[in-house]
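Report on the following structure.
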Amino acid sequence: MKIVVVGNGMVGHKLLEEFADKPGLEITVLCEEARAAYDRVHLSEFFSGKTAEDLSLVAEKFFDRDGISLHLNAKAVSLNAAKKYVETAEGEQIEYDKLILATGSYPFVPPVPGRDREGCLVYRTIEDLEAMREWGAKSRKGVVVGGGLLGLECAKALKDMGLETHVVEFAPRLMTVQVDDMGGALLRKKIEALGVFVHTQKNTLEIAEGAGVGVGGRHVMKFADGEQLETDMIVFSAGIRPRDELARSGGLKMGERGGIAINNFCQTSEKDIYAIGECALWEGKIFGLVAPGYDMARVAAKHVLEGSSQEGPAEFQGADMSTKLKLLGVDVASIGDAQGNTPGALSYLFSDGVAGHYKKLVVSADNKRLLGAVLVGEAEDYGSLLQLALNQIPLPEHPDELILPAREGGSKTGMGVDMLPESALICSCNNVSKAALCTAVADGATSLGALKKCTKAASSCGGCQPLVKQVLDSELSKSGVLVLNHICEHFEHSRQELFHLIKVAQFSSFDEVILRHGKGRGCDICKPAVASILASQKNEFVLKPKLASTQDTNDYYLANLQKDGTYSVVPRIPGGEITPAKLIVIGRVAQRYGLYTKITGGQRIDLFGARVEQLPLIWKELIDAGFESGHAYGKALRTVKSCVGSTWCRYGVQDSVSMAIAVEQRYRGLRSPHKIKMAVSGCTRECAEAQSKDVGVIATESGWNLYVGGNGGMKPRHANLLASDIDDETLVRYIDRFLMLYIRTGDRLQRTSVWLENLEGGIDYVKQVVCEDSLGIGVELEGEMQKLVDTYECEWKKAINTPETLKRFRHFVNSQEPDQNIQFVDERGQIRPKRAQEKQLENAS
């Protein structure tokens, strides 16, 4: 069977995965872009460091298999449905038995005079992103036209480029489809607090010549209300329109406002031509999310392979358009009938102005069924609410308990995974039901990784992973399998249990711990974990003979091992404040040892490419100049980022630099289950991005707001507000208690964000323990922290003054000679080490 697929976006590639390795197929893929399928959902991460390769959706050697041919830069320009061929821009005619159109959509650009000026861009492809980056490098201010999902994603991209960012929206609020007026108002407030300027109810009449870059901007946007906005760069992200021109050329049936009309099998008006994704129109609807497109791909593939004569053929039945996103660090979720348009619908509303949370439930007239929901600022209940709505599960007696804090004397109403029917769709991206997960567990998938691999659940957007884990644990428990949280095979204890066992018995070495509470000799999991616990209680030098052998590679050499086998050197620069003299020292060290230097996002200067035997020499120079270890190698406090605060900034209301330095000096060297990052912002404009940190401090007119549990890494999480308008002393006391509570109870390699999400009672419980001292251990936690503060010692200073420790810093155990197989190559004007073998291979190829 000759199959031609036009389009290799996310949906088109999902179709190819459905066809993969099926016999008797000859598949030709026409891709208009210069690269194969990539993840458009996470496009904005391109500006946070991800490359086009990182965003790729194509498995290694996918297109090397027989029966499939990918044509890049191949635009299909016409379709002859009668003779069954597609013609490309180069004039090639490709015949088909079955044709699948996965042509997607294009960005809608309002017909505004001046929209084609240089520096007026769109946000759709990686090439668009590269153009944005090019223009962003020579711009100071950027505007996004459009305040919907894509518009706010685009705004994040501009913000990541360091531009003054504005959002212009025609409607009276942001995200008009997903949120209501109250939710939109809170969303706007939170986004503006992050330094993004929002302009709603703005009808752009013209884009004209501006005063110029650095003066006002290249462009001036003129609005119908008489106002103007000058900017250097404009990005249109005001919605999408289906790419249906190829289908039109073949005479296929179209919708009145565009889109290729399809039936339940995704067939067009020509039975051998299918359409899937954003180009397809089903019952008058275009589905602009990836999950419905994936569903269409599965239906079309099954119909092409099996036909409609099979019993019970797959059909497309529409799709749930519920979404959960993090836009500019703000959680936003929308479920079902979020606007309450169903006749007789009732609503429950909850708004917490202090914490910045808004929640709304839309229920049926009889108060028995959940029709929809809106969550802004905090969306942890999204998974359970979505399942209630999708599966029409009866609501509890008091539906408001689903979004309200716990009633006095009771607990917050929840929904256990066992209440879900077998048909419940757990992973909408990959169409995985609860029944499929249960079957996979019964067939031997007894870990989350195995379950993801065999079902693909939680392997796309990842939003359903907590629910997938709940199903796994529930099924294992039902089958008589004890769900354990043992740290490894050598200890029948969790990290939390080991922490308390070590604390009570006052153990001081791994050997003592495993002799008393473990078995065997230990492993690479339990040894570093116990070493970390010992460090967070005893604060002894980690390279003492009795402790050194339990450290991981980084701690063993007090340096981060890099991919080429060299190490990084990262001196501590508290609060990002550094003298010219110290800058000169860093420059001289880097020159002397040929190190690659990089200013990181955490306000540090990292030096890369140091060989093992060079580390003590480098650190001696740095320590003699007044530097100390930055602990970049340890599961410890990394940095406390800060803005310039009230000393310099006209918006600053508190001295954020002094506070950041004080906080970093207090918690430097603190060992914990995972790395810790902090930040202090001098005002609510949040230039230090404190709400994406494990501990974030934001200045107010009356003191400080304390946020905890944030994470700006692979799975970003907005921090929770722990306390408001507190003074310096209270701030430090609460941070002491929070960090020691985390160190006591966190699992191995568990960031505070994940710890908080899995902690029973969540942020409310933490507030009770930390702020209200509900357990009566506040003074104890503060005392433990003060002991660690008082016993702090720079590990590198200790190392270079301990001859026995210095012996470990040799490349060869029997020689002082360095590794001669390392060469150095130029990288953007700096040299970096490279293995000679690598160089030889390159020369040979």
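Letter 115 of the sequence shown, counting from 1, is numbered 120 in this note's numbering, and no numbers are missing.
Each residue gets a CB set at the ideal place from its N, CA and C atoms; glycine is no exception.
Compute the distance between the beta-carbons of residue i and residue j, then report whether it is under 9 Å.
i	j	result
R739	C776	This sequence places Tyr at residue 739; Arg is not what is there. In this structure, C776 lies closer than 9 Å to Y739 by Cβ.
F270	Y279	yes
V91	A107	no
P297	A324	yes
N559	L552	no
R643	T571	no
Q392	L472	yes
A462	V437	yes
N763	R676	no
V337	L380	yes
M745	M790	yes
Q183	T328	yes
L407	S433	no
R262	G109	no
A378	N725	no
A586	S647	no
C531	I492	yes
S758	G714	yes
Between residue i and the ligand GTP, is there a pair consisting of the residue's CB and a ligand heavy atom that are separated by less than 8 Å?
i	result
D357	The ligand GTP is not part of the structure shown, which contains no ligands of any sort.
Mind checking which residues open and close the beta strand (DSSP E) that includes residue i?
i	result
V46	No beta strand (DSSP E) contains V46, which DSSP labels as neither H nor E.
L727	N725 to I731
R223	G222 to F228
R246	I245 to P247
Y712	G708 to V713
G217	T209 to G217
Do you know whose CA, among the options, lies nearest residue i's CA?
i	options	result
N268	R253, A285 and Y672	A285
K195	R70, K457 and R690	R690
E174	L332, S482, G14 and L157	L157
R145	F67, I239 and Y101	I239
A370	D26, G606 and P348	P348
F241	K803, G96, R129 and V713	R129
I131	S339, E38 and I604	E38
E480	F814, N435, D423 and T652	D423
L358	M187, F496 and S339	Note that residue 358 is Gly in the sequence shown here, rather than Leu. For G358, the nearest C-alpha among the options comes from M187.
G152	I99, E197 and T181	T181
T796	G715, H679 and R673	R673
H403	C432, Y353, A445 and L21	Y353
E275	G289, M259, E288 and G282	M259
I538	F515, L627 and K27	F515
A343	F321, L332, G119 and L366	L366
H308	L332, I281 and E288	I281
K161	K792, D185 and F202	F202
R593	G607, A630 and S779	A630
E734	R753, A534, G781 and E787	E787
Can you tell me where the alpha helix (DSSP H) with residue i in it begins and where it stops?
i	result
V9	Where V9 is concerned, there is no enclosing alpha helix (DSSP H), although the beta strand (DSSP E) it sits in stretches over K7 to V11.
A440	K439 to A447
M790	G783 to D795
N559	T558 to Y562
A302	V295 to E311
Y279	Here Y279 belongs to no alpha helix (DSSP H); instead the beta strand (DSSP E) covers I278 to A280.
Y101	Counting along the chain, Y101 falls outside any alpha helix (DSSP H), and DSSP gives it neither H nor E.
K551	P550 to A553
L75	L75 -> not in any alpha helix (DSSP H); beta strand (DSSP E) instead, spanning I73 to H76.
E250	E250 to S254
K698	Segment: none, K698 is in no alpha helix (DSSP H) and carries neither H nor E.
V771	G767 to V775
Y387	Y387 to L395
M683	Per DSSP, M683 belongs to no alpha helix (DSSP H); it is in the beta strand (DSSP E), I681 to S686.
Using a Cβ-Cβ distance cut-off of 9 Å, determine whether residue i contacts chain B.
i	result
E762	Structure shown: chain B not included; a single protein chain is present.
Practice task
Examine the Cβ distances between the stretch 47-63 and the stretch 168-182 and report whether three or more of them are shorter than 8 Å.
Solution key: Verdict: no, contact absent.
Handout entry: Every unbroken alpha helix (DSSP H) inside the stretch 582-648 [4 residues or more]
Key = Taken in chain order, the whole alpha helix (DSSP H) runs of length 4 or more contained in the stretch 582-648 are 585-598 and 620-629.
Problem - 4-residue-minimum alpha helix (DSSP H) runs that sit fully inside the stretch 340-384, ordered along the chain - result: List check, alpha helix (DSSP H) in window: nothing returned.
Exercise for the section: Within the stretch 476-516, note down every full alpha helix (DSSP H) run reaching 4 residues or more, in order along the chain. Expected result: Runs of the alpha helix (DSSP H) lying entirely within the stretch 476-516 and spanning at least 4 residues, in chain order: 500-510.
Handout entry: Validate contact between the stretch 727-736 and the stretch 706-718 using beta carbons, cut 8 Å, 3 pairs
Key = Verdict: yes, contact present.
Exercise for the section: Mind listing, in chain order, the continuous alpha helix (DSSP H) runs of no fewer than 4 residues lying wholly within the stretch 175-199? Expected result: DSSP runs (the alpha helix (DSSP H)) wholly in the stretch 175-199: 186-198.
Handout entry: Three-pair Cβ contact test at 8 Å for the stretch 575-584 versus the stretch 665-674
Key = Contact holds between the stretch 575-584 and the stretch 665-674, because three or more Cβ pairs, one in each stretch, are under 8 Å apart.
Problem - Inter-stretch contact at 8 Å, needing at least 3 Cβ pairs: the stretch 65-76 / the stretch 28-38 - result: Yes, since at least three Cβ pairs between the stretch 65-76 and the stretch 28-38 fall closer than 8 Å, the two stretches touch.
Problem - Cβ contact (3+ pairs, closer than 8 Å) linking the stretch 619-633 and the stretch 649-660 - result: The stretch 619-633 makes no contact with the stretch 649-660, as fewer than three CB pairs between them are under 8 Å.
Handout entry: Segments of 3+ residues assigned as beta strand (DSSP E) that fall wholly inside the stretch 95-147
Key = Correct list: 98-100, 103-106, 110-112 and 125-127.
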